[in-house]
Structure formats: C-alpha cells, structure tokens
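A short write-up of the structure that comes next.
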Amino acid sequence: MPQQIICSDCGYVLYEGEIIKSPYEIIRKFNSRCPRCNRKLSFSPENVEVVLWDGGSNASKSNNK
Ligand SMILES: [Zn+2]
C-alpha cells in the first residue's frame, strides 16, 4: 500500500511509493535537508509527515510486506 513522506514545512514530497520505507532512510537520502525549502529534516512528527493512503489500519510496521 502506498506511502508518502512529506516535508511538513513546504509540502514537498520526499518519498512516494508502494514500498513502505523508513522515514529515517528517506531523510538520509536527502542529506537531512529538504531540497525545496532547505529546512533541516529529522525523523520526528513535527518535521516530517508520513501519510499512509490506506488510512493506516495495520500499516505502521515498516517490515510489513
Ligand atoms: Zn520543505
């Protein structure tokens, strides 16, 4: 089921895809900075928004295939 990781500051989509990834991994890929607003990203609910399009029934585990 698809997942979105969004910069909560500017709304830039850092990751969008069917594979559930760790937000930490995505943030590291961007060198901990949002490419649009240059804000420092960290894996915390205030800085990064993780959206599960499903509505999040049992999708909270990242190793859930
Ligand atoms: Zn941003």
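Letter by letter, the sequence shown follows residues 1118 to 1182 of our numbering.
Backbone N, C-alpha and C define an ideal beta-carbon position, used for all residues, glycine too.
The residues Leu1131, Leu1158, in chain order, have a CB closer than 7 Å to that of Phe1147 in the same chain once the five nearest residues on each side in sequence are set aside. Counting along the chain, Ile1143 sits inside the alpha helix (DSSP H) bounded by residues 1140-1146. Rounded to whole angstroms, the separation of the alpha carbons of Ile1143 and Cys1154 is 16 Å. Within its own chain, the residues whose Cβ lies closer than 8 Å to the Cβ of Gly1134, once the five positions on either side in sequence are excluded, are Pro1119, Gln1120, listed in chain order. At a cut-off of 7 Å, the beta-carbon of Arg1156 counts as near ligand 1: some heavy atom of the ligand is closer than that.
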